[in-house]
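From first to last, the protein sequence lines stand for chains U and Y. Residue numbers 1 to 114, in this note's numbering, belong to the letters of the first sequence in order. Residue numbers 1001 to 1110, in this note's numbering, belong to the letters of the second sequence in order. The next block holds one structure in the form of structure tokens; read it before the comments.
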Amino acid sequence: DAGVIQSPRHEVTEMGQEVTLRCKPISGHNSLFWYRQTMMRGLELLIYFNNNVPIDDSGMPEDRFSAKMPNASFSTLKIQPSEPRDSAVYFCASSSGTVVDEQYFGPGTRLTVT
Amino acid sequence: SQQGEEDPQALSIQEGENATMNCSYKTSINNLQWYRQNSGRGLVHLILIRSNEREKHSGRLRVTLDTSKKSSSLLITASRAADTASYFCATKAAGNKLTFGGGTRVLVKP
């Protein structure tokens, strides 16, 4: 298996622009997680899905952030409009969804908003 | 908020020495996991210990869990330069989500 796939790997955009990050989880996994990592805040869970349904979005910073999972093999995280404080590395992770399991992380998308 | 807090925040050792890092958490858990992150990469799962377990080994890794003190430790024996990374503990309570600590940065000098 190729593991969790994220695209793009790097994104540089100007403040106010829309940014869309993409994730393909590991086939057969039914839980998907979006994280944000910064030096100041560490690793934060933004939202997670079980069987394509959002379960907990309490970590989503504000209405500028939205996430979708239209099917079991694809998810997007959208920021509109983007702001410089959104600059971070965004990780997608997936797991089999059982109680005792591990999460598999993608390589991350490094987002820079100027 | 971060459930797990690692200690120390940074650790520098010589190759061949052991590295020990600790994690404290606040609420009851189902299991506790340790992850490694190399610079510029995603996190990689190392080991999981359930709440009813006290110690677990995997290769050069040894994890302990003390639920009465709400703490865990990760020991890396005979460290290698390739062990240089950040190490995170993560706790799982109810549901599927993990709560990560701030991490320990480990530098193994050759």
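A virtual CB, placed ideally from N, CA and C, is assigned to each residue, including glycine.
Taking the alpha carbon of residue i as the point to measure from, which residue in the options has its own alpha carbon closest?
| i | options | result |
| --- | --- | --- |
| Asn1031 (chain Y) | Y:Thr1099, Y:Val1106, Y:Thr1104 | Y:Thr1099 |
| Arg1060 (chain Y) | Y:Ala1078, Y:Arg1050, Y:Leu1043, Y:Ser1072 | Y:Ala1078 |
| Gly106 (chain U) | U:Leu32, U:Glu11, U:Thr98 | U:Leu32 |
| Met1194 (chain Y) | Y:Ala1094, Y:Ala1093, Y:Pro1110, Y:Ser1072 | Nothing can be reported for residue 1194 (chain Y), as the shown portion of chain Y is limited to 1001 through 1110. |
| Ala2 (chain U) | U:Leu77, U:Tyr104, U:Ser82, U:Pro81 | U:Tyr104 |
| Met60 (chain U) | U:Thr112, U:Arg36, U:Pro70 | U:Arg36 |
| Pro84 (chain U) | U:Val113, U:Ala67, U:Gly108, U:Thr76 | U:Val113 |
| Ser73 (chain U) | U:Asn50, U:Arg64, U:Glu11 | U:Asn50 |
| Ile1062 (chain Y) | Y:Arg1080, Y:Trp1034, Y:Ser1039, Y:Leu1011 | The sequence shown places Arg at residue 1062 (chain Y), rather than the Ile named in the question. Considering only alpha carbons, the answer is Y:Trp1034. |
| Ser96 (chain U) | U:Ser66, U:Pro8, U:Arg9, U:Ser27 | U:Ser27 |
| Lys1069 (chain Y) | Y:Pro1110, Y:Ile1029, Y:Glu1015, Y:Val1108 | Y:Ile1029 |
| Asp63 (chain U) | U:Tyr48, U:Ile5, U:Ile79 | U:Ile79 |
| His29 (chain U) | U:Glu11, U:Asp101, U:Ser66, U:Thr109 | U:Asp101 |
| Gln6 (chain U) | Y:Phe1088, Y:Gly1042, Y:Gln1014 | Y:Gly1042 |
| Glu1053 (chain Y) | Y:Leu1046, Y:Lys1109, Y:Val1044, Y:Asp1066 | Y:Asp1066 |
| Cys1089 (chain Y) | Y:Gln1037, Y:Val1108, Y:Leu1107 | Y:Gln1037 |
| Phe65 (chain U) | U:Arg9, U:Leu45, U:Val4 | U:Leu45 |
List the endpoints of the continuous beta strand (DSSP E) containing residue i.
| i | result |
| --- | --- |
| Pro8 (chain U) | No beta strand (DSSP E) holds Pro8 (chain U); DSSP gives it neither H nor E. |
| Ala88 (chain U) | 88 to 95 |
| Lys126 (chain U) | The requested residue 126 (chain U) is not part of the displayed model; chain U covers only 1 to 114. |
| His1045 (chain Y) | 1043 to 1050 |
| Thr1084 (chain Y) | From DSSP, Thr1084 (chain Y) is part of no beta strand (DSSP E); its letter is neither H nor E. |
| Asp101 (chain U) | Taken as a continuous stretch (DSSP letters only), Asp101 (chain U) belongs to no beta strand (DSSP E), as it is neither H nor E. |
Between residue i and the ligand GDP, is the CB less than 7 Å from at least one heavy atom?
| i | result |
| --- | --- |
| Ala1019 (chain Y) | Absence of the ligand GDP is noted for the structure shown, with no ligands found whatsoever. |
If the cut is a Cβ gap below 7 Å, which residues of chain Y does residue i touch?
| i | result |
| --- | --- |
| Gly106 (chain U) | Gly1042 |
| Ser31 (chain U) | Asn1096 |
| Leu21 (chain U) | Ordered by position in chain Y, no residue passes the 7 Å Cβ test against Leu21 (chain U), which lies about 14 Å from the chain. |
| Leu45 (chain U) | Lys1097 |
Just the chain Y side, please: which residues come within less than 8 Å of residue i by C-beta, in chain order?
| i | result |
| --- | --- |
| Gly102 (chain U) | A small fix is needed here, since residue 102 (chain U) is Glu in this sequence, not Gly. Correct list: Gln1033, His1045, Leu1048. |
| Asn50 (chain U) | Asn1096 |
| Asp56 (chain U) | Gly1095, Lys1097 |
Output, in chain order, the set of chain U residues within a Cβ distance shorter than 7 Å of residue i.
| i | result |
| --- | --- |
| Asn1038 (chain Y) | In chain order: nothing, as chain U lies at least about 11 Å away. |
| Gly1102 (chain Y) | Gly42 |
So which residues on chain U does residue i lean against when the C-beta distance must stay under 9 Å?
| i | result |
| --- | --- |
| Gly1059 (chain Y) | Under the 9 Å cutoff, chain U gives no residues; its nearest Cβ is about 16 Å from Gly1059 (chain Y). |
Just to make sure I have the definition right: I need the residues of chain Y whose C-beta is within less than 9 Å of the C-beta of residue i. Which are they?
| i | result |
| --- | --- |
| Gly97 (chain U) | Asn1096 |
| Phe91 (chain U) | Gly1042, Leu1043 |
Using a Cβ distance threshold of 8 Å, determine whether the stretch 1005 to 1018 of chain Y contacts the stretch 1092 to 1106 of chain Y, with at least three qualifying pairs required. yes
Pairs of beta-carbons, one from the stretch 80 to 88 of chain U and one from the stretch 1011 to 1031 of chain Y, closer than 8 Å: are there three or more? no
Given 8 Å, three or more beta-carbon pairs between the stretch 11 to 20 of chain U and the stretch 40 to 57 of chain U: no
Decide yes or no for the touch test of the stretch 21 to 40 of chain U against the stretch 92 to 106 of chain U: beta carbon pairs closer than 8 Å, at least 3 of them. yes
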